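Heads up: the sequence shown is residues -33 to -1, 1 to 383, going by mature numbering (1 follows the signal peptide of the UniProt record, and there is no 0). We put the beta carbon where it would ideally sit given N, CA and C, even for glycine. This one's a predicted model, so the numbers in the text were calculated from it and none came from an experiment. This report refers to the structure that appears directly beneath it.
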Amino acid sequence: MLTKPARILRQGGVTRGLLFSGFLSCLSLPAIAQDSAEVEPAGFAECKARLQEQAIAAGVSSKTASEVMSGVQHLARVIELDRRQPEFTTTFADYLNRRVNDARVNTGRELLQEHQELLARVTRETGVPAPYLVAFWGLETNFGSYFGKMPVPSSLTTLACDPRRSTFFTEQLIAALRIIDEGAIPADQMEGSWAGAMGHVQFMPTVFLKHAVDADGDGRRDLWNSLPDAMMSAGRFLESMNWDGDYRWGREVLLPENFDYSLADGRRLPLEQWREMGITDAFGKPLAREPINAALVVPAGHRGPAFLAYHNFRVIMGWNRSEFYAIAVGHLADRIAGAGKLQNPPPEDAPALSRANIINLQKALQQRGYEPGNPDGIMGPATRSAIRQFQAANNLVADGYPGESVLAALEIPAGQ
C-alpha cells in the first residue's frame, strides 16, 4: 500500500486545494487574529510601510507590494520560534534514527521508481543522481506531505521588523514579493516554514529566485504544485555548488585500533593516505585507489560510526550547514539506492547535553587552559578542538566528543 505522499503524487501531483485549503481556513480562525492583535508591537505598521517602499525601490510592482503588505500581520509565534533554542542538544543516534528509518527508505524507493523518468531527466541535465534528489525531498518535506503552514509574507515581515536579523529577512521578504510579482504563486497561497522556506524542497525566497526553474513548461516556477519544477530546481541548486557526479557523498568506514582521532578535525587528505593508515570500508575491505580527497567525520565519537566525507558532503552542507544533516542525506540516498543500514550504528545511550551543560563544559575547558571560543552552548569546531586537546592531555581518546569520560573528568553532570 502506498503512503499518503505517494498516493497524492500518483493522482497527478499535489493539488492546490489539498495543499492550501487548510492554510486558507486557518487564516479565518479567531485565535490567529487575536494573537496578531494582542502581540503586534508598536511601530509594526510603520515598519511595514518602510518595507513596502524598499520593495518597490527594488523593482517589485507597486500593485503587488501594496496588496500583499496590506494583508500582512505580525505573527508572535514566528518570533517565539526564532528565539527558541532547544534545551537539549540532539544526539546523533536520535537525529539519524528519526530521519532515516525503514518507512522513509521504503517510500523513497517507491517514489524513485514512480518518478524514474523525471528523475533521470534531472540527473542528465544537472549530474545529481536520483537517490540524492529523493533523499533531499524526504528530509525537507517528507516527500511533499508537509510544506509548513505559515503565511510566508507575514512570517518574513515579522522577522524583517524584528532587530535580531532584520537585514537578512528584509532581503527574503523582497525576494518573496518578487516571486509573487512574477506570478509563480498567489500571495494568499504562499505558505511555508516559520522562517520562509517554501515548497517541496524548502527553498528560501532568494534561493528560489536564483535557482528555481520552470521544468514542466507551464510558464511558472512552481515549487509547491509541480514536482518537475521542484526536482529540477533542487538539481540546479546542487549543480551550482559544483556537485561532483563522478563520486558519492562519502562512505562509512572502519578505523584501526589505536587510531589517532585528532585527524578527525576537518582536514582533507588523499584517499590513498587514509588507506595507508589502515582505514577500510565498512566491511573491512581496502579503500579504492581513487584520486579524491576526504575528511574523516566521527559524529558520535569513537564509539559510533566513522565516515570519510568527499567533496559532495560539503555541497550538501551548502544546503544545510549541519554535519548531521549531510550524513542523513547521504545515508538516506544510499539506502534508497539499495544499500543496507550502517554497520556500526551510533550508540543510543550517549548523553543528551543541555545548552547549560555545554556552556559549563566550555567554561571548564577555559579554566584549564583550553580555548573553546566564546561559551555559547554551541558545539562548534573550536569547542571540539579544545576537547581534543583536553582528552590528549588526560589519556582519553581524543575524538573531540563530549562523552561521559570527558564530562566526568571536567565534573560536568549530563542531562540536567
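**Study point:** Proximity below 9 Å, CB of residue 280 to CB of residue 304
**Key:** Here residue 280 is taken as the residue at index 313 of the sequence shown, counted from 1. Here residue 304 is taken as the residue at index 337 of the sequence shown, counted from 1. At least 9 Å separates the beta-carbon of residue 280 from that of residue 304.
Review point. Residue 219 lies in the beta strand (DSSP E); which residues open and close that run?
Key: If you number the sequence shown from 1, residue 219 lands on position 252. It spans 217 to 221 - the beta strand (DSSP E) in which residue 219 sits, taken as one unbroken run.
Check your understanding: Cα separation between residue 209 and residue 127?
Key -> Counting from one through the sequence shown, the residue named residue 209 turns up at place 242. Counting from one through the sequence shown, the residue named residue 127 turns up at place 160. Straight across, the Cα-Cα distance linking residue 209 with residue 127 is about 31 Å.
Review point. Counting pairs of Cβ atoms below 8 Å between the region 208 to 226 and the region 247 to 267, do you hit three or more?
Key: A contact exists between the region 208 to 226 and the region 247 to 267.
Review point. How about residue 172 and residue 146: are their beta carbons less than 9 Å apart?
Key: The residue given as residue 172 occupies position 205 in the sequence shown. The residue given as residue 146 occupies position 179 in the sequence shown. Between residue 172 and residue 146, the C-beta gap is smaller than 9 Å, which places the two residues in contact.
Point to revise | Contacts around residue 93, its chain only, beta-carbon distance under 8 Å, and the 5 residues preceding and following it disregarded | key: Here residue 93 corresponds to residue number 126 of the sequence shown, with the count starting at 1. Counting only Cβ-Cβ distances below 8 Å, and skipping sequence neighbours, we find 199, 202, 203, 205, 206, 210.
Check your understanding: Relative to the alpha-carbon of residue 194, which residue among 323, 259, 100 has its alpha-carbon at the smallest distance?
Key -> As a first step, residue 194 is located in the sequence shown; it is residue number 227 there, counting from the start. It is 100 whose Cα lies nearest to the Cα of residue 194.
Check your understanding: Do you know offhand how far residue 111's Cα is from residue 169's?
Key -> On the sequence shown, position 144 is the one that residue 111 refers to. On the sequence shown, position 202 is the one that residue 169 refers to. Their Cα atoms are separated by approximately 10 Å.
Point to revise | Candidates 28, 355, 361, of which the one nearest residue 369 by Cα | key: Reading the sequence shown from its first residue, position 402 is the one you call residue 369. For residue 369, the closest C-alpha among the options 28, 355, 361 is that of 355.
Check your understanding: CA-CA distance, residue 294 and residue 16?
Key -> Taking the sequence shown and counting its residues from 1, the one referred to as residue 294 is at position 327. Taking the sequence shown and counting its residues from 1, the one referred to as residue 16 is at position 49. For residue 294 and residue 16, the distance between alpha carbons rounds to 43 Å.
Exercise for review: Find the nearest neighbour of residue 308 within the set 226, 63, 345, judged by alpha-carbon distance.
Suggested key: Taking the first residue of the sequence shown as position 1, residue 308 is located at position 341. Comparing Cα-Cα distances from residue 308 to each of 226, 63, 345, the minimum goes to 63.
Exercise for review: Throw me the rounded Cβ distance for the residue 165 and residue 114 pair, which I believe falls under 8 Å.
Suggested key: Within the sequence shown, the letter at position 198 stands for residue 165. Within the sequence shown, the letter at position 147 stands for residue 114. The beta-carbon separation of residue 165 and residue 114, rounded to 7 Å, stays under the 8 Å limit for a contact.
Check your understanding: Under the DSSP definition of a beta bridge, which residues are partnered with residue 213?
Key -> Taking the sequence shown and counting its residues from 1, one reaches residue 213 at position 246. Its beta-bridge partners do not exist; DSSP assigns none.
Review point. With DSSP run on the structure shown, which of helix, strand or coil describes residue 235?
Key: Taking the sequence shown and counting its residues from 1, the one referred to as residue 235 is at position 268. Collapsing the DSSP output to three states places residue 235 in a strand.
Exercise for review: Take the Cβ of residue 20 as the centre, count every other Cβ of all protein chains shown within 10 Å, and call the residue buried at 16 or more, exposed below.
Suggested key: Taking the first residue of the sequence shown as position 1, residue 20 is located at position 53. Burial state of residue 20 is exposed, judged by a 10 Å Cβ sphere holding fewer than 16 other Cβ atoms.
Check your understanding: Between the C-alpha atoms of residue 238 and residue 278, what's the straight-line distance to the nearest angstrom?
Key -> Against the sequence shown, residue 238 aligns to sequence position 271. Against the sequence shown, residue 278 aligns to sequence position 311. The straight-line gap from Cα to Cα measures roughly 12 Å.
Practice item. Quick one: residues in its chain with C-beta nearer than 8 Å to the C-beta of residue 361, no 5 flanking neighbours on either side, listed in chain order? Key: Position 394 of the sequence shown, counting from 1, holds the residue named residue 361. The answer, listed in chain order, is 376.
Exercise for review: Could you name each continuous alpha helix (DSSP H) segment of 4 residues or more that falls completely within the region 8 to 54, going from the start of the chain to the end?
Suggested key: Counting only runs of at least 4 residues, the region 8 to 54 fully encloses the following alpha helix (DSSP H) elements, listed from N- to C-terminal order: 11 to 24, 29 to 37, 43 to 50.
Practice item. Drop a sphere of 10 angstroms on the beta-carbon of residue 367, count the other beta-carbons inside from all chains shown, and report buried for 16 or more, exposed for fewer. Key: Along the sequence shown, one-based indexing puts residue 367 at 400. Its Cβ being crowded by 16 or more others within 10 Å, residue 367 is buried.
Exercise for review: Alpha carbon to alpha carbon, how far is residue 174 from residue 188? Give it in angstroms, no decimals.
Suggested key: Along the sequence shown, read from residue 1 onward, the residue named residue 188 stands at position 221. Along the sequence shown, read from residue 1 onward, the residue named residue 174 stands at position 207. A straight-line Cα-Cα distance of about 12 Å links residue 188 and residue 174.
Check your understanding: Taking the Cβ atom as the reference point for each residue, do residue 322 and residue 8 lie within a distance shorter than 9 Å?
Key -> For the purposes of this step, residue 322 is identified with residue 355 of the sequence shown, where counting begins at 1. For the purposes of this step, residue 8 is identified with residue 41 of the sequence shown, where counting begins at 1. 9 Å or more divides the Cβ of residue 322 from the Cβ of residue 8.
Exercise for review: For residue 161, collect the residues of the same chain with a Cβ closer than 6 Å to its Cβ; drop the 5 residues on either side in sequence, then sort them by chain order.
Suggested key: Along the sequence shown, read from residue 1 onward, the residue named residue 161 stands at position 194. Same-chain partners within the cutoff: 45, 48, 117, 122.
Review point. Do you know offhand how far residue 106's Cα is from residue 292's?
Key: Your numbering for residue 106 matches position 139 in the sequence shown. Your numbering for residue 292 matches position 325 in the sequence shown. Between residue 106 and residue 292, the C-alpha separation is close to 9 Å.
Exercise for review: Compute the Euclidean distance between the alpha carbons of residue 334 and residue 343, then round it to the nearest angstrom.
Suggested key: Position 367 of the sequence shown, counted from the start, is the residue given in the question as residue 334. Position 376 of the sequence shown, counted from the start, is the residue given in the question as residue 343. Going by C-alpha positions, residue 334 is about 15 Å away from residue 343.
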